[in-house]
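Q: The structure's right below; bear with me while I get my questions together.
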Amino acid sequence: MSDATSIARRLAELGLVLPGVPAPVAAYVPAVRSRSTVYTSGQLPFVDGVLVATGKVGVGTGLIDPADAYQYARIAGLNALAALASAAGGLEHVARIVKLVGYVASDPDFTGQPGVVNGASELLRDVLGDVGIHARSAVGVTVLPMNSPVEIELVADLV
Amino acid sequence: MSDATSIARRLAELGLVLPGVPAPVAAYVPAVRSRSTVYTSGQLPFVDGVLVATGKVGVGTGLIDPADAYQYARIAGLNALAALASAAGGLEHVARIVKLVGYVASDPDFTGQPGVVNGASELLRDVLGDVGIHARSAVGVTVLPMNSPVEIELVADLV
Amino acid sequence: MSDATSIARRLAELGLVLPGVPAPVAAYVPAVRSRSTVYTSGQLPFVDGVLVATGKVGVGTGLIDPADAYQYARIAGLNALAALASAAGGLEHVARIVKLVGYVASDPDFTGQPGVVNGASELLRDVLGDVGIHARSAVGVTVLPMNSPVEIELVADLV
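As you go down the protein sequences, you meet chains A, B and C in turn.
Our numbering puts the first residue of the first sequence at 1, with every later residue one more than the last.
Our numbering puts the first residue of the second sequence at 1001, with every later residue one more than the last.
Our numbering puts the first residue of the third sequence at 2001, with every later residue one more than the last.
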């Protein structure tokens, strides 16, 4: 685990603030704690309630540049951390991020999903240190909700 | 948890019957219990052994209407509950549905996956009450087994 | 569980050797152990560091034949077993494979994902016996990292 002070310091050094978690309006919630495990919902790159970009990732006209998509994965990862923190009672209670699944809305010719999902993976490492180093799957899907370019979900173990 | 009587009453009020779970014919099974957690296989909208619809969800000629797909997600969700019940020894042993993943076979222009997967999410809430409220990911994939429009998988915690 | 001797014998009978697990070079790792559960990263059909095939699975010119894809899923499954073994301290510590997700990079008209993913599922059964029989989801995605035809991830419970 990382203690609350060091996590707060890393977030500040990265210029990041954990966003608020929207109140659930549906038959599902942003994260569920089950004993010592937290499962988050798939998180999209919302900032202040607005998707920062829409479309599919790839190389070519009308597609989202992979370097931009990396940033969007980072934002989605930050939202996933916020959902996790809300269910865990704070990130200092996280013993380990055990799994991340990164879905990338992809042009069928784009095969660089790992580089995009690194935006989320590296954020977890930057904020949580070794606690944030996880197993991961990255896949390229046809389309995501609201035409989001990326979606990030986490499974975490609590202390 | 919900007790067996209230679950049976809700199912009856909804006009639903948990279907039988097909005997496994392959190297995998409908659900596995691991200590106090149950993982289901991805479930398709089968009724009496027949897929209720095939194709991709979207808006336009030759596509499955999203409102119809909502119903198919509900059926797949019911099959997932049946698989869960068989591994748990009854739904009254479920402490919480912790995660649902909803895969929607999607036209690349269709971005309403959340509304489709609500068919499964709302069923869980209707049958199980607060116990059924879960974390969730909804994604739009290219194609699903046997050309199914939807596939629903669950992770649940037992009491 | 299966004991180490019987697992070694089955692997030998199948002509298989668990491959080495590459050292992590990124913000994620091949597998994470969390208490008595191991989550693997999505594994691709690498042999000696090279993908054995690239492309999308389907029937027709320019597509990967499903029978070939079955073999690639088997190789990806072997890599997933290797990742699991490394985190578990040996496959003899596995109490049960609880979940497998098989992503198949699919032509939109190809609906035989279950037959492809059987390559991985049947490998687990062949190597681990009843311990290897799991819940499973098989989905058809647009494209996978490095243009891999398949990706296999596992969740396993340890003794």
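The C-beta atom is built at its ideal place from N, Cα and C for all residues, glycine as well.
As the structure is a prediction and not an experimental result, all values here were calculated from the model.
Taking only beta carbons into account, state which residues of the stretch 2133 to 2151 of chain C come closer than 7 Å to chain E, listed in chain order.
A: The structure shown contains no chain E; the protein chains it does contain are A, B and C.
Q: What does the Cβ neighbour count give for A/G89, buried or exposed, with the cut at 16 atoms within 10 Å?
A: A/G89 is exposed by the Cβ-count criterion.
Q: For C/A2004, count neighbouring Cβ atoms within 10 angstroms of its own Cβ and tell me buried if that reaches 16, exposed if not.
A: With fewer than 16 other Cβ atoms within 10 Å, it is exposed.
Q: At what residues does the beta strand (DSSP E) containing C/S2121 begin and finish?
A: Premise fails: C/S2121 lies in the alpha helix (DSSP H), Q2113 to L2128, not in any beta strand (DSSP E).
Q: Can you tell me whether DSSP reads B/T1005 as helix, strand or coil?
A: It is helical.
Q: Name the chain C residues that come within less than 8 Å of A/L124, Cβ to Cβ?
A: By Cβ distance, chain C contributes A2027.
Q: Please determine if the stretch 1019 to 1030 of chain B and the stretch 1107 to 1125 of chain B are in contact, where contact requires at least 3 C-beta pairs separated by less than 8 Å.
A: In short, these stretches do not touch, since the Cβ pair count stays below three.
Q: Going by Cα to Cα distance, which pick from C/L2081, C/N2118 and C/H2093 is closest to B/P1145?
A: Looking at the Cα atoms, C/N2118 is the closest of the given residues.
Q: So what's C/V2131 in DSSP terms, helix, strand or just coil?
A: Of the three classes helix, strand and coil, the one that applies to C/V2131 here is helix, per DSSP.
Q: If I'm right that A/S106 touches A/G60 with Cβ under 8 Å, what's the distance once you round it to whole angstroms?
A: Rounded, the Cβ-Cβ distance is 12 Å, inconsistent with contact.
Q: Would you be able to state if there are at least three C-beta pairs under 8 Å between the stretch 1005 to 1017 of chain B and the stretch 42 to 50 of chain A?
A: With a cut-off of 8 Å, the stretch 1005 to 1017 of chain B and the stretch 42 to 50 of chain A do not count as touching, because too few Cβ pairs lie within range.
Q: Could you pull out every residue in the same chain whose Cβ sits closer than 7 Å to the Cβ of B/R1125, ignoring the five residues on either side in sequence?
A: So the list reads G1132 and I1133, once near-sequence residues are dropped.
Q: For a contact meaning CB atoms closer than 9 Å, what does C/G2042 contact in chain A?
A: Correct list: V101, A135, R136, S137, A138 and V139.
Q: Using a Cβ cut-off of 7 Å (strictly closer), state whether B/P1045 contacts chain A.
A: So no, B/P1045 is outside the interface.
Q: Could you please give the first and the last residue of the uninterrupted alpha helix (DSSP H) stretch that includes B/G1102?
A: That residue, B/G1102, is in no alpha helix (DSSP H); its beta strand (DSSP E) goes V1094 to A1105.
Q: Cβ of B/S1137 within 7 Å of Cβ of A/E122?
A: No, the pair does not count as a contact, with Cβ atoms beyond the cut-off.
Q: Are C/H2093 and C/V2159 close, meaning C-beta to C-beta below 7 Å?
A: Yes, they are a contact pair.
Q: Taking the alpha helix (DSSP H) that A/S36 belongs to, which residues open and close that run?
A: Counting along the chain, A/S36 falls outside any alpha helix (DSSP H), and DSSP gives it neither H nor E.
Q: Just by C-beta distance, which residues in the stretch 1080 to 1100 of chain B are closer than 9 Å to chain A?
A: Against chain A - using a Cβ distance shorter than 9 Å - the residues of the stretch 1080 to 1100 of chain B are A1095, R1096, I1097, V1098, K1099 and L1100.
Q: Within 7 Å (strictly less), CB to CB, does B/P1130 reach chain A?
A: Reading off the sequence, residue 1130 of chain B comes out as Asp, not Pro. Not one chain A Cβ lies under 7 Å of B/D1130.
Q: Ends of the alpha helix (DSSP H) at C/A2085?
A: Run containing C/A2085: P2066 to A2088, per the alpha helix (DSSP H) assignment.
Q: Run the CB neighbour count on B/V1150, radius 10 Å, all protein chains shown included, and call it buried at 16 or more, exposed below.
A: When all chains shown are included, B/V1150 counts as buried.
Q: Look at A/S40 and A/A67 and say whether their C-beta atoms are less than 7 Å apart.
A: Reading the sequence as shown, one finds Thr at residue 40 of chain A and not Ser. Contact: no.
Q: For C/F2110, list the residues DSSP reports as bridge partners.
A: The partner list for C/F2110 (beta bridge, DSSP) is empty, contrary to what the question assumes.
Q: Can you tell me whether C/L2044 is helix, strand or coil according to DSSP?
A: Reduced to three states, the DSSP call for C/L2044 is coil.
Q: Please name the residue, chosen from B/A1085, B/S1086, B/V1052 and B/A1082, that lies closest to B/Y1070 on a Cα-to-Cα basis.
A: Checking every option, the nearest Cα to that of B/Y1070 belongs to B/V1052.
Q: What separation, rounded to the nearest whole angstrom, lies between the Cα atoms of A/D157 and B/G1062?
A: Those two C-alpha atoms are separated by around 44 Å.
Q: Which of the three DSSP states is assigned to C/L2158 in this structure?
A: If DSSP states are grouped into helix, strand and coil, C/L2158 belongs with the strands.
Q: Please confirm whether A/A31 has its beta-carbon closer than 7 Å to some beta-carbon of chain B.
A: Closer than 7 Å to some Cβ of chain B, the Cβ of A/A31 qualifies, so yes.
Q: Can you list, in chain order, the residues of its chain with a C-beta nearer than 7 Å to that of A/S85? Leave out the 5 residues immediately preceding and following it.
A: Checking the sequence, you will find Ala at residue 85 of chain A rather than Ser. Excluding sequence neighbours, A/A85 sits near L18 and L91.
Q: Taking C/V2029 as the reference, give the member of C/D2065, C/A2120 and C/A2087 with the closest Cα.
A: When each option's Cα is compared against that of C/V2029, the closest is C/A2087.
Q: Rank B/G1077, B/Y1072 and B/Q1043 by C-alpha distance to the C-alpha of B/T1054 and give the top, closest one.
A: Taking only the C-alpha atoms, the option nearest B/T1054 is B/Y1072.
Q: Cβ of B/R1096 within 7 Å of Cβ of A/S148?
A: Contact: no.
Q: Kindly give me the distance between the Cβ atoms of B/A1083 and B/A1120, rounded to whole angstroms, as I take these residues to be in contact under 8 Å.
A: The Cβ separation is near 13 Å, so there is no contact.
Q: In chain order, what residues of the same chain lie with their CB nearer than 7 Å to the CB of A/V101, ignoring the 5 residues before and after it?
A: Cβ within range, chain order: S137 and E153.
Q: Can you give the beta carbon distance from B/G1042 to B/Y1103, rounded, assuming they're within the 8 Å contact cut?
A: Indeed they touch by this definition, with Cβ atoms about 7 Å apart.
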